[in-house]
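Peer 1: In terms of the working numbering, the sequence shown opens at residue 78 and continues consecutively.
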Amino acid sequence: MLLSEQTYKKIDREIAKFPDDQRQSAVMAALALAQDQTSWLSPEVLQEVADYLRMPAVAVQEVATFYNMYNTKPVGKHKISVCTNLPCALSGGVKAANHLKHKLGIDFKETTADHQFTLVEGECMGACGDAPVMLVNNKRMCSFMSDQKIDALVDELKMSVPVANPEGSRS
Numbered sequence: 078m079l080l081s082e083q084t085y086k087k088i089d090r091e092i093a094k095f096p097d098d099q100r101q102s103a104v105m106a107a108l109a110l111a112q113d114q115t116s117w118l119s120p121e122v123l124q125e126v127a128d129y130l131r132m133p134a135v136a137v138q139e140v141a142t143f144y145n146m147y148n149t150k151p152v153g154k155h156k157i158s159v160c161t162n163l164p165c166a167l168s169g170g171v172k173a174a175n176h177l178k179h180k181l182g183i184d185f186k187e188t189t190a191d192h193q194f195t196l197v198e199g200e201c202m203g204a205c206g207d208a209p210v211m212l213v214n215n216k217r218m219c220s221f222m223s224d225q226k227i228d229a230l231v232d233e234l235k236m237s238v239p240v241a242n243p244e245g246s247r248s
């Protein structure tokens, strides 16, 4: 068993939100909870979630690989998603991404040698008016990210201890 009893209790709360014969409807929440515990969704974790939800493993894998918030490969301690969709791109998203790439010495879909940071290109985060926008570990939205705010964020994250399930916050 890869997932903890505590994670299963949280998954059970999500399953309870749906009719008894529709427990597979909790798949997105179950994957998020599993990832909160394990940091990424290995094939074994995907199989465990599938078995628990009584659904085919391929169906769980399809969900996990469709949405970019799920990590199906190991990631750094801090995954930073940068929105480069058109509204953010026009408002400095590409410039912010380039600054972050230079600061971390990596490109999109790469992880720093010290395994502290993974950088990914994110889809629309629904905060176009706050561009450039970044999302840290799928939990913390950072808005209006100037070079100075990016530098401060990276410094803060280097000094931080990860929290399993922090409340969302805006920088």
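Glycine is no exception: its CB is placed at the ideal position from the N, C-alpha and C atoms.
Which runs of the alpha helix (DSSP H) spanning at least 4 residues fall entirely within the region 159–242, listed in chain order?
Peer 2: 163–167, 170–181, 224–236
Peer 1: How would you label Phe143, buried or exposed, when you count the other beta carbons within 10 angstroms and need 16 or more for buried?
Peer 2: exposed
Peer 1: Helix or strand or just coil, what does DSSP make of Lys87?
Peer 2: helix
Peer 1: Spatial neighbours of Ser168 within its chain, please: CB distance less than 6 Å, with the 5 preceding and 5 following residues excluded, ordered by chain position.
Peer 2: For Ser168, same chain residues with a beta-carbon under 6 Å away, outside a window of 5 residues either side, are Ala208 in chain order.
Peer 1: Mind checking whether the beta-carbon of Ser223 lies closer than 7 Å to any heavy atom of the ligand PLP?
Peer 2: Absence of the ligand PLP is noted for the structure shown, with no ligands found whatsoever.
Peer 1: With a threshold of 7 Å on Cβ separation, who are the neighbours of Pro164 within its own chain once the five nearest residues in sequence on each side are excluded?
Peer 2: Only Cys205, Ala208 meet the Cβ criterion.
Peer 1: Could you give the first and the last residue of the continuous alpha helix (DSSP H) run that contains Gln138?
Peer 2: Per DSSP, Gln138 belongs to the alpha helix (DSSP H) from 134–143.
Peer 1: Whole angstroms are fine: how far does the CA of Met236 sit from the CA of Ala174?
Peer 2: 21 Å
Peer 1: Tell me whether Ala111 is buried or exposed, calling it buried when 16 or more other Cβ atoms sit within 10 Å of its Cβ.
Peer 2: buried
Peer 1: Could you name the residues that DSSP lists as bridge partners for Lys156?
Peer 2: Thr195
Peer 1: Which class does Leu130 belong to by DSSP, given the choice of helix, strand or coil?
Peer 2: Here Leu130 sits in helix by DSSP.
Peer 1: Please identify the residue among Cys219, Glu233, Lys86 whose C-alpha is closest to the C-alpha of Gln193.
Peer 2: Gln193 has its Cα closest to that of Glu233, out of Cys219, Glu233, Lys86.
Peer 1: Would you call the region 130–150 in contact with the region 90–104, where contact means no fewer than 3 C-beta pairs closer than 8 Å?
Peer 2: yes
Peer 1: Would you mind sorting Arg217 into buried or exposed? The rule is 16 or more other CB atoms within 10 Å of its CB.
Peer 2: buried
Peer 1: Apply the 10 Å Cβ neighbour rule to Leu75 and answer buried if 16 or more other Cβ atoms are within range, or exposed otherwise.
Peer 2: Beyond the ends of the chain as shown, which are 78 and 248, falls residue 75; an answer cannot be given.
Peer 1: Determine the direct distance from the alpha carbon of Gln225 to that of Leu262, and round the result to whole angstroms.
Peer 2: In the structure as shown, the chain begins at 78 and stops at 248. Residue 262 is therefore absent and cannot be evaluated.
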